[in-house]
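Reading through the structure tokens given below for one structure.
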Amino acid sequence: MAFADNVVDIWTHYLGQNSLLQPLWDDLRLNHRDYVRSPLFPVVLTVSSYFIFCIPFLVCDIMGDRWPWVQQFKIQPSQRPTASTLLHCAGVTLYNHLFLVLPASVAQWLWRPPADLPDQAPNLLELIVGVIGNLLLFDFQYFIWHLLHHRIRWLYVTFHAIHHKYSSPFALATQCLGGWELITVGFWTTLNPVILKSHLLTTWSFMVVHVYVSVEDHCGYDFPWSTSRLIPFGIYGGPSKHDVHHQKPSTNFAPHFSHWDKIFGTHADFSFCNAIK
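To convert, count from 1 in the sequence shown and add 2; that's our numbering.
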């Protein structure tokens with residue numbers, strides 16, 4: 003018991019040290035001040051992160067059977083994206099970013115003052131808790147939004163149907179969205195750190211993590227290192243659970259975690275889809 007208490011104390015002390023992130027924060031605020039203070043910085047960060055995170059999964063899709071060791075983790079082995087589907091999703095994504103995200107970013111640049119950069123960095127524990135808090139808040143918001151857009155046919159047909167064009171998701175389908183949905187997701191992603199009074203370093207970390215887990219949810223592969231396998235007790239959904247949603251759209255509305263679907267009776271495991279085939 004004493005050994006366990008000592009381990010907890012050591013980790014608490016380690017995570018609570020400001021000095022761990024302070025050098026990184028000092029470098030950003032002193033040497034890259036003009037870039038990170040720009041309202042465009044979060045946009046560049048998230049958009050570049052999205053395409054970077056998509057690339058490994060895109061390569062797996064393109065290689066296909068030439069990489070059998072990868073294809074063993076394909077959730078729907080018989081369903082692979084074609085060149086036309088990849089190009090369609092890439093086209094929708096680029097269109098949305100050029101004609102929605104870019105104008106909104108420029109407008110924000112014109113009216114929003116540069117961000118203040120505090121001298122002190124968050125400690126690692128504050129950053130981790132902040133990222134998790136932002137993910138949980140977004141999970142609740144998107145669960146309600148998503149549920150309504152499936153239950154109200156006009157909302158589904160008008161805004162959300164494009165995302166369900168493919169019953170077997172793949173990485174580039176992550177942002178194959180209507181403009182309304184993209185704007186809504188971007189609004190919550192930007193607003194939630196303000197609500198939770200997150201440090202800018204925590205805010206940017208949340209944005210990158212959120213982009214990654216969103217891409218992972220749609221990647222179509224359930225690797226041993228998938229986030230859902232690393233987080234215990236089934237509290238996190240992951241690619242298999244979201245794959246079920248694309249096959250059976252009346253289930254698994256939460257984007258990341260599992261608790262809201264379990265509470266509202268809309269949770270389903272991948273075995274559920276195998277049973278209805």
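Here a beta-carbon is modelled for each residue, glycine too, at the ideal position from N, C-alpha and C.
Everything numeric in this text was worked out from a predicted model, so none of it was measured.
Query	Result
Look at the Cβ atom of G239, then the Cβ atom of S260, and state whether they are nearer than 7 Å.	yes
Can you tell me whether F274 is helix, strand or coil according to DSSP?	For F274, the pLDDT reaches just 49, beneath the cut-off of 50, and the residue's location in the model is therefore unreliable, although a value from the coordinates is still provided. It is helical.
Under the assumption that L60 contacts A173 (Cβ atoms under 8 Å), give the Cβ distance between them as a whole number of angstroms.	6 Å
Is it the case that the stretch 116-135 contacts the stretch 150-164, given that we only count it when at least three CB pairs across the two stretches are under 8 Å?	no
Tell me the DSSP bridge mates of F259?	Y238
Closer than 8 Å by C-beta to I185: which residues in its own chain qualify, once you throw out the five before and the five after it? Chain order, please.	L102, A106
Who are the Cβ neighbours of I197 in its own chain at under 8 Å, not counting the five residues just before and after it?	L139
Inspect the beta-carbon positions of A123 and W227 and report whether they are closer than 7 Å.	no
Nearest to D219 by alpha carbon, out of H248, S207, K199, A163?	H248
With DSSP as the reference, label K243 as helix, strand or coil.	helix
Taking 7 Å as the threshold (beta carbon to beta carbon), is S40 in contact with chain B?	Absent from the structure is chain B; it holds one protein chain and no more.
With distances taken Cα to Cα, identify the nearest neighbour of A270 among V246, P257, H258, W262.	V246
Between G135 and V187, what straight-line distance do the alpha-carbon atoms span, to the nearest angstrom?	16 Å
In this structure, how does DSSP classify K167 when only helix, strand and coil are distinguished?	coil
Using 10 angstroms around the beta-carbon of L202, count the other beta-carbons present and answer buried if the total reaches 16, otherwise exposed.	buried
According to the neighbour-count rule (16 or more other Cβ atoms, all chains shown, within 10 Å of its Cβ), is Y97 buried or exposed?	exposed
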